[in-house]
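If you use our numbering, the sequence shown corresponds to residues 14 to 297, in order.
I have placed the structure first, in the form of structure tokens, so that the comments after it can refer back to it.
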Amino acid sequence: MTSPATPAPVRVMGVINVTSDSFSDGGRLTEPGAALAHARRLIADGADSLDIGGESTRPGAAPVAEGDEIARVVPLIRAIRAESTTPISIDTMKPAVARAAVAAGATIWNDVTALRHAPDSLAVAAELGCEVVLMHMLGEPGTMQAEPHYDDVVAQVTEFLAARAEAAMAAGVARGRIWLDPGIGFGKHMIAHNLPLLAGLDRIVALGFPVLLGVSRKRFIAALDDGGRGPDKPPAHQRLGGSIAAALAGAAAGVAAVRVHDVRETVQALRVWEAIDQAGRIAR
Ligand code: HH2
């Protein structure tokens, strides 16, 4: 008798924010040497890819001009590419930034607007021929957390992602280059929307595209662990336990990759979870 097929290990995408104001690590990596050193650390820690962002998406973050965003991310992408083959993703909603990043060596365009920000986003993605991450967000980053409403959050996010995948394919993006992401925390009530979405991830996975999940250090973790210390406590860098718990819930639902700040700890947690899962498959 053959044992059931082993699912592929969940990939880990390490986050590098070269921003001054990202919610968990803003301002730490604006100096080029610090960002490259961080990239080396994440690769050594086991990152399968790196996601580089030059503009924060948190509510209230200052918009960054296209040229400034390119100036932040392109030298870093070039420097990483000069010494490593680890795939690089560019986290941007601007086609010109994606274009410059791909020219510098990025192979994935991670767009929190699912290629809706600019009229030519879909066409540029098709032209670049890179992988694309299509993420769900209700509204715009500046206002998205102002009373988001859904009748059925899992159904609506799933339908949205299916429709954006169709739109991308209609524009010429190859099916095999499309990733989907439920956009945890993007226009979602911290508890009433994020938790059903995490519990219903299998419905997004069932669409047949690889799913990327971003839960690392997000505020819903603090909301579940406020310990009476207020809505933003514990602070972002003390949310590792919750980040790992949510990443493992994603692994159980069949996500293909998780986007995280704490690569080493997440890789270890995933390998242990996968080994136990595999032992269970053999035993059954
Ligand atoms: N979350 C953030 C940014 N980009 N991209 C995808 N695909 N999925 C996510 O969940 C996601 C994302 C927010 O996290 P971070 O980059 O740490 O913060 P900021 O946007 O403030 O830079």
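Think of the CB as a built atom: it goes at the ideal place given N, C-alpha and C, for glycine as much as any other residue.
A quick note: this is a predicted structure, and the numbers were derived from the prediction, not measured.
ask   = Just the Cα atoms here: how many angstroms apart are R216 and E82?
value = For R216 and E82, the distance between alpha carbons rounds to 35 Å.
ask   = Are the region 158-172 and the region 121-132 touching by the rule of at least three beta carbon pairs closer than 8 Å?
value = No, the region 158-172 does not touch the region 121-132.
For V28 and I191, the rounded distance between their alpha carbons = Each residue's CA atom was taken as its position, placing I191 and V28 some 19 Å apart.
query = Nearest-angstrom Cα distance between E140 and A178?
reply = Taking the straight line joining both Cα atoms gives about 16 Å.
inquiry  = I'd like to confirm the pairing. Which residues does DSSP put opposite I65 in its beta bridges?
reply    = Partner(s): I29, I103.
ask   = Based on the DSSP secondary-structure assignment, which residues constitute the bridge partners of M123?
value = Reading off the sequence shown, one finds Asn at residue 123, where the question assumed Met. Bridge partners of N123: D104, V146.
key: Assumed close pair P223, A269 - CB separation to whole angstroms, cut-off 8 Å   = With a beta-carbon spacing of about 4 Å, P223 and A269 fall inside the 8 Å limit used to define contacts.
inquiry  = Does the contact criterion of 3 or more C-beta pairs under 8 Å hold for the region 160-169 versus the region 105-117?
reply    = Counting Cβ pairs under 8 Å, fewer than three are found: no touch.
Inter-residue spacing [alpha-carbon to alpha-carbon] between E96 and P76 = The straight-line gap separating the alpha-carbon atoms of E96 and P76 is approximately 31 Å.
message = DSSP three-state label for M14, please.
response = Low per-residue confidence applies at M14: pLDDT is 42, beneath 50, and the placement is therefore not dependable, though the value from the model is reported in the following sentence. M14: coil per DSSP, three-state reduction.
query = Taking the Cβ atom as the reference point for each residue, do P195 and L208 lie within a distance shorter than 8 Å?
reply = Cβ atoms of P195 and L208: not closer than 8 Å.
query = Closest to I121 by CA distance: which of D165, A48, V145 is it?
reply = Shortest Cα-Cα distance from I121 to any of D165, A48, V145 involves V145.
query = How many Å lie between L225 and V271 at the Cα?
reply = Across the structure, L225 and V271 are spaced so that their CA atoms are roughly 5 Å apart.
inquiry  = On the DSSP letters alone, give me the boundaries of the alpha helix (DSSP H) that D81 sits inside.
reply    = Segment 79-96, the alpha helix (DSSP H) holding D81.
ask   = So is the beta-carbon of S35 under 7 Å away from any non-hydrogen atom of the ligand HH2?
value = It does: the Cβ of S35 is within 7 Å (strictly closer) of some heavy atom of the ligand HH2.
inquiry  = Applying the 10 Å Cβ sphere with the 16-neighbour rule, what's the burial state of M14?
reply    = Confidence at M14 is low in this model, with a pLDDT of 42, below 50, so its placement is unreliable and the value that follows should be read with caution. Exposed: under 16 other Cβ atoms inside 10 Å.
inquiry  = Within a Cβ cutoff of 6 Å, which residues of the same chain sit near S134, ignoring the five residues on either side of it in sequence?
reply    = Sequence-distant partners of S134 (beyond 5 residues in either direction) whose C-beta falls short of 6 Å from its own C-beta, in its chain, are P108, L128.
Opening and closing residue of the alpha helix (DSSP H) in which A176 lies = Run containing A176: 166-184, per the alpha helix (DSSP H) assignment.
request  = Take V137 as the anchor and find which of L89, K246, A187 has the nearest alpha-carbon.
outcome  = That would be A187, whose Cα lies nearest to the Cα of V137.
Nearest candidate by alpha-carbon position, reference H274, set D61, G189, T19 = Comparing alpha carbon positions, the residue from D61, G189, T19 closest to H274 is D61.
ask   = Which of the three DSSP states, helix, strand or coil, is assigned to E294?
value = Before going further, note that residue 294 is Arg rather than Glu in the sequence given. DSSP, reduced to helix, strand and coil, places R294 within a helical segment of the structure shown.
ask   = Where do the N-terminal and C-terminal ends of the beta strand (DSSP E) with I191 fall, by residue?
value = Counting along the chain, the beta strand (DSSP E) containing I191 begins and ends at 191-194.
Euclidean distance between Cα positions of L320 and P248 = What the structure shows of the chain is the stretch from 14 to 297, and residue 320 is not part of that stretch, so it cannot be assessed.
task = Measure the alpha-carbon distance for T279 versus I65 and round it to whole angstroms.
result = Between the alpha carbons of T279 and I65 lies a gap of roughly 18 Å.
task = Just grab the DSSP bridge partners of R24 for me.
result = The partner list for R24 (beta bridge, DSSP) reads A270.
task = Take T32 and list the residues in its own chain whose beta-carbon comes closer than 7 Å to its own, dropping the five residues that flank it on each side.
result = For T32, where only same-chain residues beyond five positions count, the Cβ hits under 7 Å are G39, G66, G67, E68, S69.
key: Residue closest to T126, alpha-carbon to alpha-carbon, out of G142, R94, P100, A181   = The candidate whose alpha carbon is nearest that of T126 is A181.
ask   = Within 10 angstroms of its Cβ, does R252 collect 16 or more other Cβ (buried), or is it exposed?
value = When all chains shown are included, R252 counts as buried.
key: Range covered by the alpha helix (DSSP H) that runs through L151   = Per DSSP, L151 lies in no alpha helix (DSSP H) segment and is marked neither H nor E.
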